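If you use the working numbering, the sequence shown corresponds to residues 1064 to 1220, in order.
All C-beta atoms in this analysis are idealised placements derived from N, C-alpha and C, irrespective of residue type, glycine included.
Values in this document were obtained by computation on a predicted structure and should not be read as measured data.
Read the structure below first, then the notes.
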Amino acid sequence: MPIGSYSQGTEQRFEYLTPEAGLALMKLLDAARADGVWIVPVSAFRDVERQDLLFQLQVQQAGSRQAAATAVAPPGYSEHHTGLAVDLADGLARARDVSLSFGQTEAFQWLSQHAQSFGYEMSFPADNPQGVIYEPWHWRFVGSSDAARVFALARSF
């Protein structure tokens, strides 16, 4: 399902999620806007080729595949492959896109309080058992409370 997004400039582009995740995200975005908070999706579904490109860039920056994997999932292992994960930004603080400082934005505060009501949760909180860096911008659709419990169990492996 296409979801409207905005690049760092002003041109519109689309991100893609599964239909259920996309509908839930649209409701979440509408509720945030009704509360005066502008949340925008900046990255959702990624194919393996795109993930490989991002991973290789991170390997160059980090110096090793192991170090890179703490910040960018290797191709074939990203939640973005599922169509259930989305990177979100504060539409009024775009300089904080995909950065730790997103955690200090009004958008993040709103998500922390309300995302679960729409079936979303932050995938990689601080000190997560997967060993992935804290990613306050990365949210995963878990659907029902049952799905959330299953995902919580998966985190412990």
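contact_flag[the segment 1127 to 1145, the segment 1193 to 1204] where n(CB pairs < 8 angstroms) is 3 or more
The segment 1127 to 1145 vs the segment 1193 to 1204: in contact.
What are the residues that DSSP puts in a beta bridge with Tyr-1106? What sits at residue 1106 in the sequence shown is Ser, not Tyr. Paired residue(s): Asp-1150.
Using CA coordinates, which residue listed in Asp-1190, Leu-1120, Pro-1082 and Leu-1174 is at the minimum distance from Val-1103? With distances taken between Cα atoms, Val-1103 lies closest to Leu-1174.
Notebook entry, point to check: Using the C-alpha atoms, what's the distance from Gln-1172 back to Leu-1234?
Noted result: Outside the shown range of the chain, which is 1064 to 1220, sits residue 1234, and nothing can be said about it.
Within 10 angstroms of the Cβ of Leu-1120, are there 16 or more other Cβ atoms? Answer buried if so, exposed if not.
With fewer than 16 other Cβ atoms within 10 Å, it is exposed.
Worksheet item: Per DSSP, Arg-1203 forms a beta bridge with which residues?
Response: Note: Arg-1203 is bridge-paired with Ala-1148 and Glu-1184 in the DSSP secondary-structure output.
**Request:** Would you tell me roughly how many angstroms separate the C-alpha atoms of Ala-1156 and Gly-1126, rounded to the nearest one?
**Result:** In a straight line, the C-alpha of Ala-1156 is about 30 angstroms away from that of Gly-1126.
Would you mind giving the Cβ-Cβ distance between Ala-1107 and Tyr-1079, rounded to the nearest angstrom? I have them listed as a contact below 8 angstroms.
-> So it is a contact: roughly 6 angstroms between Cβ atoms.
- Message: To the nearest angstrom, how far is the alpha carbon of Asp-1115 from that of Pro-1138?
- Response: Cα to Cα, the separation comes out at about 5 angstroms.
Exposure of Pro-1160, with buried meaning 16 or more beta-carbon neighbours within 10 Å: For clarity, residue 1160 is Asp in the given sequence; the question names Pro instead. Buried is the label assigned to Asp-1160, since at least 16 other Cβ atoms lie within 10 Å of its Cβ.
Whole angstroms is fine: what's the gap from Ser-1070's alpha carbon to Trp-1101's?
The pLDDT assigned to Ser-1070 is 49, lower than 50, so where the model puts this residue is not dependable, and the model offers no usable value.
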